[in-house]
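So that you can map any letter, position 39 of the sequence shown is 520 in my numbering, and since no number is skipped, the others follow by simple counting. Glycine included, each C-beta is placed from N, C-alpha and C at the ideal position. Quantities reported herein were computed from a predicted structural model and do not represent experimental measurements.
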Amino acid sequence: MWNSIAENCVLDFLVSMGLVIGGSLFGGLAALLTHHDPQAAMNALASDLKVWAIVAALGGSMDVLRVIDRGVFGLHVGPMVRQLIYLFAAFLGCHVGYVLIQWLTAGRSSS
Numbered sequence: 482m483w484n485s486i487a488e489n490c491v492l493d494f495l496v497s498m499g500l501v502i503g504g505s506l507f508g509g510l511a512a513l514l515t516h517h518d519p520q521a522a523m524n525a526l527a528s529d530l531k532v533w534a535i536v537a538a539l540g541g542s543m544d545v546l547r548v549i550d551r552g553v554f555g556l557h558v559g560p561m562v563r564q565l566i567y568l569f570a571a572f573l574g575c576h577v578g579y580v581l582i583q584w585l586t587a588g589r590s591s592s
């Protein structure tokens, strides 16, 4: 059981981190091709993609919300805790991706 939870946590972490980093890098490339500031575009995209990376890593938010609903109101605590652990892993992954993009762009924003 713990191996399955650990595997899913690693998967959610890396998928959400990859979505933020990949989306920001390709967005920076698009900004470069359209003669905009790539650092500012990457910085803005990294911030905007955080929520979507969590949702995508978890495979859609409705299943997670259903499990949490059953956990709270149906007293099925085990699956709810498991989903919250996956949610935390996905959040941590997208935040690490965001911090890496911030470091890469030196926190430069569009001003």
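By the three-class DSSP mapping on this structure, what secondary structure does residue i have?
i: LEU526; result: helix
i: GLY555; result: coil
i: GLY540; result: coil
Take residue i as the anchor and find which of the options has the nearest alpha-carbon.
i: ALA487; options: ASP518, GLY499 and GLN564; result: GLN564
i: GLN520; options: LEU530, VAL545, GLY509 and SER528; result: GLY509
The alpha helix (DSSP H) with residue i in it runs from where to where?
i: THR515; result: No alpha helix (DSSP H) holds THR515; DSSP gives it neither H nor E.
i: GLY578; result: 558–586
Leaving out the 5 sequence neighbours to the left and right, which residues in its chain are closer than 7 Å to residue i when beta-carbon positions are compared?
i: MET498; result: GLY574, CYS575, VAL577 and GLY578
i: LEU495; result: GLY574
For residue i, collect the residues of the same chain with a Cβ closer than 8 Å to its Cβ; drop the 5 residues on either side in sequence, then sort them by chain order.
i: MET561; result: VAL548, ILE549, ARG551, GLY552 and VAL553
Q: Assess, as a yes-or-no matter, whether the stretch 494–505 is touched by the stretch 571–590 under the definition of 3 or more beta carbon pairs within less than 8 Å.
A: yes
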